[in-house]
Ligand SMILES: O=C(O)CCC(=O)C(=O)O
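Residue numbers (our numbering): 6 to 435.
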């Protein structure tokens, strides 16, 4: 078992960096404060006075974002051994240093319309996307209360009786309830998964009415959500979160465009008319086994354009850095962890990274997280961006309709999907 408090909490300065980060929870954190804390800098102790006042406030509400200070680092005896879990066999050597590879990007000035802020944030986005494929979004504009209510709704959902959840079983559009042992990361190029994922998930998308034209036409990926009956509050809280995250991601499109040398509104038309957006409420029960090949979620890359992840204090996520080593990225309260998916990688001709990640819940307790996947409209044609190709850099992927790419990904990873499936998925489904 790893140390739940981890090295990040101990910090070289003796000032627990995690406590500093809690000081800013619910406030507009400055990136400097976060960077100092991450670096274990002694100056990080300055705002600690705020902590005690905020602690009282935090006690009175659900814990959404206490520090995830878990740490996969190889200690003195941490050389590769057979039987050891992948995330530990190939763990980073120095967790604190590796954690700094994932930058914190402050969207506050850009969202406030400050002059020059778009170009500044775009430069940081470009660096993060070219080097690691993950970053923390600070001052993202989504209210704490909306996030807290979404986590409360998720816990409520997952506490329902299994038969109630199974009545909403995930459908061809990948909407509804996905039980444990019903998916495998077989599309992954990082790790050949042999065992199904140890999480249950509830997926929702745009809340389309029965008379929505695409619903009537039966258009693939344009179906309706499935809701448990008699729980209007759950539906309202989940959809409020869906709307808030969609708006946040839409506001983040111009910095991505500028980062790729495009005009700020370049991506907007691709995300019009109900972009392909999915919210996944994940529950990872404590894993009964942590044998080599068992994961809460096997190592994989996302299929999205971008993903915004909200986590609780229970650790479990691991990110594969370009070095090939696995890092448990610390939780930084007041931020979303953003990563890019395969569509962004394909569109940018591999300039931007789609970084593998996975989950191992060895905490001994339930873990909840919420992943929001923001992707173009399924009708979009994804064709190498004009700024990402040239005479010596031809397009590496043919143009493709996004709907086809999504359906291919679903078939590879989910047992309920019909159609051709990879050998690994077929084996794991047996
Ligand atoms: O639960 C997490 O922290 C990550 C979830 C994830 O990787 C996914 O849903 O694709």
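All C-beta atoms, glycine included, are put in the ideal place defined by N, C-alpha and C.
- The DSSP-derived three-state label of residue 331 is strand.
- Around the beta carbon of residue 324, 16 or more other beta carbons lie within 10 angstroms, which makes this residue buried.
- When secondary structure is reduced to three states using DSSP, residue 377 falls in the strand class.
- Cβ-Cβ separation between residue 375 and residue 287: approximately 7 Å, consistent with a contact (criterion under 8 Å).
- Three or more Cβ pairs closer than 8 Å define a contact, and the stretch 226-244 meets that threshold against the stretch 200-216.
- With a cut-off of 6 Å, the C-beta of residue 364 is classified as near ligand 1, since at least one heavy atom of the ligand falls inside that distance.
- Collapsing the DSSP output to three states places residue 360 in coil.
- Scanning the stretch 98-140 for uninterrupted alpha helix (DSSP H) segments of 4 residues or longer gives 100-104, 113-116 and 122-136, listed from N- to C-terminal end.
- Separation of the CB atoms of residue 334 and residue 322 is rounded to 6 Å, and the pair is thereby assigned contact status at 8 Å.
- CA-CA distance, residue 366 to residue 121, rounds to 42 Å.
- The residue among 379, 139 and 372 with its C-alpha nearest the C-alpha of residue 248 is 379.
- About 4 Å separates the CB atoms of residue 414 and residue 308; that is less than 8 Å, so the two are in contact.
- At a threshold of 6 Å, residue 285 counts as near ligand 1, since its beta carbon sits closer than that to one of the ligand's heavy atoms.
- Excluding five sequence positions before and after residue 193, the CB atoms of its chain that fall closer than 6 Å to its own CB belong to 304 and 305, given in chain order.
- Less than 7 Å separates the beta-carbon of residue 140 from that of residue 108.
- The Cβ atoms of residue 387 and residue 350 lie no closer than 7 Å to each other.
- By DSSP's assignment, residue 208 forms a beta bridge with 181 and 285.
- Under the three-state reduction of DSSP output, residue 403 falls in the coil class, being neither helix nor strand.
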